[in-house]
Amino acid sequence: MILLRKLLFPLAILYGIITSVRNYLYDKGILKSYAFDIPVIAVGNLSVGGTGKTPQIEYLIRLLSPKYKVATLSRGYKRKSEGFILADANANAAILGDEPFQYFQKFPQIQVAVDADRRNGITQLLAQKDKPEVILLDDAFQHRKVKAGFYILLTSFDDLFCDDFMLPMGNLRESRNGAKRANLIIVTKCPSEISELAQQNIKKKIGLHVPVFFSFVKYDDKVYNQNGSLNVSATKTQEKVLLAGIAKPKPFFDYLQSGDDTVMTYADHHHFSESDILNIKSQAKDKIIVTTEKDFVRLMTYDFGGKLYYLPIKSKFISHQDQFDTLVLKAMQL
Numbered sequence: 380m381i382l383l384r385k386l387l388f389p390l391a392i393l394y395g396i397i398t399s400v401r402n403y404l405y406d407k408g409i410l411k412s413y414a415f416d417i418p419v420i421a422v423g424n425l426s427v428g429g430t431g432k433t434p435q436i437e438y439l440i441r442l443l444s445p446k447y448k449v450a451t452l453s454r455g456y457k458r459k460s461e462g463f464i465l466a467d468a469n470a471n472a473a474i475l476g477d478e479p480f481q482y483f484q485k486f487p488q489i490q491v492a493v494d495a496d497r498r499n500g501i502t503q504l505l506a507q508k509d510k511p512e513v514i515l516l517d518d519a520f521q522h523r524k525v526k527a528g529f530y531i532l533l534t535s536f537d538d539l540f541c542d543d544f545m546l547p548m549g550n551l552r553e554s555r556n557g558a559k560r561a562n563l564i565i566v567t568k569c570p571s572e573i574s575e576l577a578q579q580n581i582k583k584k585i586g587l588h589v590p591v592f593f594s595f596v597k598y599d600d601k602v603y604n605q606n607g608s609l610n611v612s613a614t615k616t617q618e619k620v621l622l623a624g625i626a627k628p629k630p631f632f633d634y635l636q637s638g639d640d641t642v643m644t645y646a647d648h649h650h651f652s653e654s655d656i657l658n659i660k661s662q663a664k665d666k667i668i669v670t671t672e673k674d675f676v677r678l679m680t681y682d683f684g685g686k687l688y689y690l691p692i693k694s695k696f697i698s699h700q701d702q703f704d705t706l707v708l709k710a711m712q713l
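Using our numbering, you'd call the opening residue of the sequence shown number 380 and step up by one each time.
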């Protein structure tokens, strides 16, 4: 695999040139970026997948929705629909995509919309009678057609953008220089006990004069379904099926796995077919099935006899949460 990536070095250079030229044209105003008269906060990354955007968007929803009318706008990756859609009672994961539908399920007080064209999506949201006061752009760091008022860049502790290289040799969607657009950076998926020295070393590696925060994934101590919940400690005493279709499932499995559990792994944002469902049921038989929250919203329409559960997660800051909250709330005044 390493050898193959090295062989792809010329393609990575070419891809880097193309993305750099595109960014230059936007930076110089040759290509038009559109700003809006309400706060727009963009959350994204430089690398492909697995940096924890969903729990970070949810953190922002919890922070802002008690004070402001919040809307999220996502592309709706792998949805079976097109154009602008504002979630309503008919929404499901197929129409919205799994992550937007998850927001819609968990936060009924906000508006949830999808549109690959973020400029059009924002325009449509602002045309609503009950228009939002702040829009959270999900995975939109490279969407230069919209000029957000505040950019939050995520990078994983075990895959820092400053140690990475351009696609297809590495995992970067654009040059590391793109990080300069960030108003702040969050190093996600850190060990919860990461030392102050390790944090300072990472800040030096990143080398930018913007605030850098460190967060970790906090797993719930219960798993849930439509009918109730079970303590995670109780699930570890019984055989079960663990199922995940996310970019980096290992921590999920490590947290829950014990004994002779059956582990089933699928590609990120996997669309479950009828044969997949039959296979899952065959593997489970009379066992419970525990999956991620993102997978649950795609599987909940199937009948698993009440045995399908999901494990919620939250993004938690190692320290300086108040400082982060203050910066975001200050951005609301821009």
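Cβ coordinates follow ideal geometry from the N, Cα and C atoms, glycine included.
Relative to the alpha-carbon of L404, which residue among Y447, R523, P511, N562 has its alpha-carbon at the smallest distance? R523
What does the Cβ neighbour count give for Y681, buried or exposed, with the cut at 16 atoms within 10 Å? Around the beta-carbon of Y681, fewer than 16 other beta-carbon atoms lie within 10 Å, marking it exposed.
Going by the beta-carbon positions, is the gap between F595 and T641 smaller than 9 Å? no
Once DSSP output is grouped into helix, strand and coil, what is the label at T433? helix
To the nearest angstrom, how far is it from the Cα of N469 to the Cα of G428? Approximately 28 Å between the Cα atoms of the pair.
Residue range of the alpha helix (DSSP H) that F480 falls in? 477-485
From L443, S399, S694, pick the residue whose C-alpha is nearest to that of P418; which is it? Answer by Cα proximity: L443.
Should H588 go down as buried or exposed, given a rule of 16 or more other Cβ atoms within 10 Å for buried? Label assigned to H588: exposed.
Cross-strand partners of A391 (DSSP beta bridge): Answer is none; A391 lacks a bridge partner.
Spatial distance of V669 from L425 (CA atoms): 31 Å
Using CA coordinates, which residue listed in K446, K709, G476 is at the minimum distance from S460? G476
Inter-stretch contact (C-beta, 8 Å, three-pair minimum) for the segment 575-588 and the segment 534-547: yes
Other residues of its chain near I464: CB distance less than 6 Å, five sequence neighbours each side excluded: V493
Identify the continuous beta strand (DSSP E) that holds F595 and give its terminal residues. 591-598
To which residues of the same chain is G462 closer than 7 Å at the C-beta, ignoring the five residues directly before and after it? D494
Pick out whichever of S698, T705, A421, S535 has its Cα sitting closest to the Cα of E575. S698
Based on Cα-Cα distance, which residue from N499, E553, Y447 lies nearest to D509? Y447
Considering V676, what are the terminal residues of the beta strand (DSSP E) in which it resides? V676 -> not in any beta strand (DSSP E); alpha helix (DSSP H) instead, spanning 672-678.
Using 9 Å as the threshold, is the C-beta distance between G685 and Q605 below it? Closer than 9 Å, so yes.
Have a look at T502, L533, N550 and flag the residue whose alpha-carbon is nearest the alpha-carbon of P434. L533
Nearest candidate by alpha-carbon position, reference A391, set K629, S654, V611, R555: R555
Using DSSP with H/G/I as helix, E/B as strand and the rest coil, what is A577? helix
Quick one: using the 10 Å Cβ neighbour count with 16 as the cut-off for buried, is P628 buried or exposed? buried
Of the residues H649, Y688, G528, the one placed nearest G607, counting alpha carbons only: Y688
Could you please give me the residues that DSSP links to M643 through a beta bridge? L622
From D537, G557, N550, pick the residue whose C-alpha is nearest to that of I573; which is it? D537
Helix, strand or coil for Y405, going by three-state DSSP, please let me know. helix
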